[in-house]
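A.B. asks:
Written as structure tokens, this is what we have:
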């Protein structure tokens with residue numbers, strides 16, 4: 559990966575030349591310097607995707623996300639570009655996959671049914687739903703439930719630019735955007751979002767929380783997490799899928815409550 563401290567010092571002049579002078583050579587230097595981010599993100603996202611999706615395809619979409627990030631990044635705010643760019647790259651890859659119709663409608667329907675099951679059970683019981691409870695709710699066996707988790711794993715690759723609900727245009731990113739102005743409505747939405755995520759994380763099992771932490775905060779791939787936790791990659795994929803389905807359910811429930819207020 560990129561040396562963050564070195565990036566800040568040795569490339570600040572490129573940012574200055576690009577943002578203040580429109581120097582295209584400086585822009586090219588920034589793109590070339592941060593290209594390893596595209597390879598890093600696409601390699602992580604390639605795990606668990608269908609075999610017909612190549613890493614080159616992911617990297618191609620990711621490169622567009624990197625360029626977009628360089629276009630929009632405000633280097634004077636003192637934020638970490640790598641973090642910002644990683645989300646943009648990830649979002650661009652997911653957009654590319656979505657446009658390619660890579661997930662069958664039947665798989666999305668299964669993911670929605672599982673998400674609804676978690677919402678109903680955890681709202682009723684005020685605790686994490688077990689695999690057995692979800693299986694009973696869906697009227698399937700635990701083995702069939704485990705198979706469904708494997709099938710929907712590809713749908714749990716989330717982007718902040720995904721809509722909170724499929725039929726709506728409002729995205730998760732819209733709840734987090736800083737317009738450099740005090741906006742009471744945005745503050746309320748942001749507060750409720752944090753509360754919903756906190757509650758959702760509390761209801762994850764210890765193993766699910768570990769997977770989420772290692773994947774999203776420690777930047778480990780699912781294969782690396784499998785080694786750390788001494789579990790199979792398929793088991794890690796299942797834990798990740800369940801965690802994301804629970805968190806999506808928490809966000810959807812919070813969205814419904816906000817609309818009723």
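Residue numbers (my numbering): 559 to 819. Idealized CB from N, CA, C, for every residue including glycine.
(1) Determine the closest residue to residue 778 out of 598, 572 and 579, with distance taken between C-alpha atoms.
(2) Please report how far the alpha carbon of residue 522 lies from the alpha carbon of residue 630, in whole angstroms.
(3) Give me the residue from 711, 808 and 579 with the minimum Cα distance to residue 794.
(4) Just verifying my parser: in three-state terms, what is the DSSP assignment at residue 698?
(5) What do you get for residue 802, buried or exposed, if any count of 16 or more other CB atoms within 10 angstroms of its CB means buried?
(6) Where does residue 572 sit, in a helix, a strand or coil, going by DSSP?
(7) Can we say the stretch 767–776 touches the stretch 630–645, given the rule of at least three CB pairs closer than 8 Å?
(8) Please report the distance separating the alpha-carbon of residue 764 from that of residue 688.
(9) Short of 7 Å in beta carbon distance, which residues of its chain neighbour residue 706, apart from the five on each side in sequence? Order them along the chain.
(10) Exposed or buried, which one is residue 612 when buried takes at least 16 other CB atoms within 10 Å?
(11) Using the three-state DSSP reduction, which class does residue 662 fall into: helix, strand or coil?
(12) First and last residue of the alpha helix (DSSP H) that includes residue 769?
(13) How far does the alpha helix (DSSP H) with residue 761 in it extend, from its first residue to its last?
(14) Which whole-angstrom value describes the C-beta separation of residue 625 and residue 652, a residue pair presumed to lie in contact below a C-beta threshold of 8 Å?
(15) Any C-beta of chain D sitting closer than 8 Å to the C-beta of residue 584?
C.D. replies: This is what the structure gives:
(1) Residue mapping note: residue 778 aligns to position 220 of the chain shown, counting from 1. The candidate whose alpha carbon is nearest that of residue 778 is 598.
(2) This structure leaves residue 522 out entirely; the chain is present only between 559 and 819.
(3) For the purposes of this step, residue 794 is taken as residue 236 along the chain shown, with counting starting at 1. Nearest of 711, 808 and 579 to residue 794, Cα basis: 711.
(4) Looking up residue 698 in the chain shown gives position 140. It is coil, neither helix nor strand.
(5) Working through the chain shown from its first residue, we reach residue 802 at position 244. With 16 or more Cβ atoms within 10 Å of its Cβ, residue 802 is classed as buried.
(6) Mapped onto the chain shown, residue 572 falls at position 14. Helix, per DSSP.
(7) no
(8) By 1-based counting over the chain shown, the position of residue 764 is 206. By 1-based counting over the chain shown, the position of residue 688 is 130. Taking the straight line from one Cα to the other gives about 13 Å.
(9) As a working mapping, residue 706 is identified with position 148 in the chain shown. Same-chain partners within the cutoff: 668 and 672.
(10) Locating residue 612 in the chain shown gives position 54, where the first residue counts as 1. By the 10 Å Cβ count, residue 612 comes out exposed.
(11) The residue given as residue 662 occupies position 104 in the chain shown. Residue 662 falls in the coil class under three-state DSSP.
(12) Along the chain shown, one-based indexing puts residue 769 at 211. Counting along the chain, the alpha helix (DSSP H) containing residue 769 begins and ends at 764–774.
(13) Here residue 761 refers to the residue found at position 203 when the chain shown is read from its first residue. Careful: residue 761 lies outside any alpha helix (DSSP H) and carries neither H nor E.
(14) The residue labelled residue 625 in the question sits at position 67 within the chain shown. The residue labelled residue 652 in the question sits at position 94 within the chain shown. Their Cβ separation, rounded to whole angstroms, is 16 Å, which puts residue 625 and residue 652 out of contact at 8 Å.
(15) The chain labelled as chain D is not found in the depicted structure, where only one protein chain is given.
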